[in-house]
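Here is the structure we will look at, set down as C-alpha cells.
Here it is in C-alpha cells:
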C-alpha cells in the first residue's frame with residue numbers, strides 16, 4: 001500500500017528564525033526542542049484546550065500536542081463559561097494557559113525552556129490537528145475540524161500569495177486562537193516564511209511598539225476595526241512591506257487611507273472558519289477576489305461552495321458570490337443579509353456601510369428584528385457610535401442616503417459597540433441594546 005501523505009511539523013531550516021520573543025530570536029531548532037519538552041508534560045491523551053495569550057507559547061502548545069498525536073481546541077472566545085463548555089463537550093484532558101485560568105480541568109503553564117535537540121516529526125496529512133470554532137456572532141459557536149494537510153496547504157498558499165520571505169517580521173493583532181490569526185501568525189511561520197512576533201498586540205500603541213521592536217521587513221496582520229483605530233490616533237508606524245486585513249469587509253476608502261499613511265499595499269483575505277483562508281485581493285485596485293492556488297469555487301443561484309486542498313469535502317459558504325471574469329469572484333452579500341420592506345430589497349451590510357460612511361460616525365451597525373418577515377410594523381434598528389451627534393442627526397443623514405422604508409427605528413446611540421477581540425459583534429447583544437432598553 002502507498003505510504004500515507006505526511007508533512008513535517010515545520011518546513012523551516014534548523015537555523016532560521018521562526019519567532020521573536022521581544023529582542024530574542026527563536027530558531028527552528030530551539031523551537032523543536034522546546035516543543036518536545038512541553039510534549040513530555042502533556043497527559044497521555046488529548047484533546048488539549050489552548051488558551052495561551054503569548055503567541056509563541058500558543059505555537060509551542062499546538063506543536064507539542066501534534067507531537068503527542070493530540071488535537072488542539074482553539075476558541076477566540078476566552079470567557080470561562082465558553083471555554084468550560086468547549087472543554088466538556090469535546091472531552092479536553094488539559095488546558096494550556098500562560099495566565100491564571102479558572103477551568104474545570106488541569107491547567108499546564110507552558111514554558112519556553114531549552115532542552116535537548118529534537119527531531120522534526122512528520123505528521124500525517126489527514127490527521128485532525130485542530131478544531132476551530134465559529135465566532136458565534138449569529139448563534140452558537142460551531143466546531144470545525146482542521147486536517148494537518150489543509151493547514152499546511154493554506155500556509156504555503158498564503159506565503160506565496162503575499163510573498164512572505166524568511167526574513168519578514170510578522171506582527172499580528174488577532175488572537176492566535178482565531179482561525180485567521182492562527183493561520184497567519186502561527187502556521188505561516190511554520191510552513192510559509194517569516195518570523196512571528198509573540199505579542200499579544202491589540203491597541204494602537206501596542207501595534208506601534210511591536211512593529212518598532214522587530215527588524216524590517218515588517219508585515220502587519222490586522223482587522224478593519226483596528227486599522228481604523230490606528231489611523232485615528234495619527235501614530236506613525238515603522239516602515240511596512242504590507243498589511244493584511246480580514247474578519248470583516250474592508251472599505252476601499254479606509255484601505256486607501258491606510259496605504260497613504262503607511263506607504264504599503266493593503267490586501268484582504270477572504271475566508272471562513274469552515275474553509276480557512278481561500279482568496280485575496282488588493283482592495284484599492286481590485287473588486288474581485290482571486291482564489292488561492294488549488295482552491296476551486298462552485299457558484300450558483302442557490303449559493304456557493306469551495307473545495308480546499310486537504311479538506312475531505314466541499315464547504316458551503318454563507319456568502320453569495322458572483323463570477324466577475326479572469327477566474328475572480330465578487331461578494332454579493334450574505335445569504336441571510338437581504339431584507340425586504342415595502343416591496344423593496346436592501347442589504348444589511350450595505351446599509352451598515354452607508355451608516356459608517358457618515359461624517360462623525362465612528363462605528364455602527366444595522367440590525368433586522370427576527371419578526372421582520374411576518375410583522376408589518378417591524379422596522380430595522382441601528383446602533384451607532386458618533387460622539388457629538390444625537391439620534392436625530394444620524395437619522396437626518398441617513399434620510400438623504402437610503403430609502404424611507406429602511407430608515408432605522410430606533411437609532412440607539414452608544415459609547416462603543418459590544419465587539420469581541422477581532423471586531424465581530426454578537427447579534428444577541430446588539431438586539432438587546434436596540435429593542436430592550
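In the UniProt record's numbering, the protein residues as written are 1 to 437. Every residue gets a Cβ at the ideal spot worked out from N, C-alpha and C, and that includes glycine.
- Counting only runs of at least 4 residues, the stretch 339 to 394 fully encloses the following alpha helix (DSSP H) elements, listed from N- to C-terminal order: 348 to 356.
- Taking 8 Å as the cut-off, the beta carbon of residue 387 is found no closer than this to the beta carbon of residue 378.
- In the three-state reduction of the DSSP assignment, residue 268 falls in the strand class, which pools E and B.
- For residue 67, the uninterrupted alpha helix (DSSP H) run begins and ends at 55 to 67, by DSSP.
- In the three-state reduction of the DSSP assignment, residue 97 falls in the coil class, being assigned neither a helical nor a strand state.
- Our two residues, residue 25 and residue 291, have alpha carbons roughly 34 Å apart in a direct line.
- Only residues of its own chain outside the window of five on either side were considered, and among them 382, 384, 391, 394 and 395 have a CB closer than 7 Å to the CB of residue 411, listed in chain order.
- Contact fails between the stretch 38 to 47 and the stretch 198 to 218, because fewer than three Cβ pairs, one in each stretch, are under 8 Å apart.
- In its chain, beyond the 5 residues on either side, 10 have a beta carbon closer than 6 Å to the beta carbon of residue 190.
- Scanning its chain for C-beta atoms nearer than 7 Å, with the 5 sequence neighbours on each side dropped, one finds around residue 338 the residues 345 and 347, in chain order.
- For residue 281, the uninterrupted beta strand (DSSP E) run begins and ends at 276 to 282, by DSSP.
- Shortest Cα-Cα distance from residue 134 to any of 326, 318 and 105 involves 318.
- Looking at the backbone, the Cα of residue 17 and that of residue 360 are separated by about 45 Å.
- From the listed residues 288, 277, 324 and 124, the smallest Cα separation to residue 308 is found for 277.
- In this model, residue 293 and residue 157 are separated by some 6 Å (Cα to Cα).
- In this structure, the alpha-carbon of residue 312 lies about 30 Å from that of residue 28.
- With the rule of 3 Cβ pairs closer than 8 Å, the stretch 229 to 241 counts as touching the stretch 257 to 269.
- About 7 Å separates the beta carbons of residue 70 and residue 42, which is inside the 8 Å limit, making them a contact pair.
- Around residue 416, the same chain offers 363 and 385 as residues with beta carbons nearer than 8 Å, after the five sequence neighbours per side are excluded.
- Under the DSSP definition of a beta bridge, residue 24 partners with 21.
- A Cβ-Cβ distance of about 5 Å is found for the pair residue 32 and residue 118, placing them in contact under the 8 Å criterion.
- Around the beta carbon of residue 12, 16 or more other beta carbons sit within 10 angstroms, so the residue counts as buried.
- For residue 148, the enclosing alpha helix (DSSP H) begins and ends at 148 to 161.
- About 5 Å separates the Cβ atoms of residue 144 and residue 132, confirming a contact at the 8 Å cut-off.
- In this structure, DSSP gives residue 430 a helical state, which the three-state scheme calls helix.
- Beyond the five residues adjoining it in sequence on each side, residue 188 comes within less than 7 Å, by CB distance, of 155, 158, 159, 164, 170 and 194 in the same chain, given in chain order.
- Secondary-structure assignment with DSSP links residue 207 through no beta bridge to anything.
- By the criterion of a C-beta distance shorter than 7 Å, residue 53 is surrounded in its chain by 98, 99 and 200, once the five residues flanking it on both sides are discounted.
- Per DSSP, the continuous alpha helix (DSSP H) segment holding residue 259 begins and ends at 252 to 262.
- Here residue 94 is buried, its C-beta having at least 16 other C-beta atoms within 10 Å.
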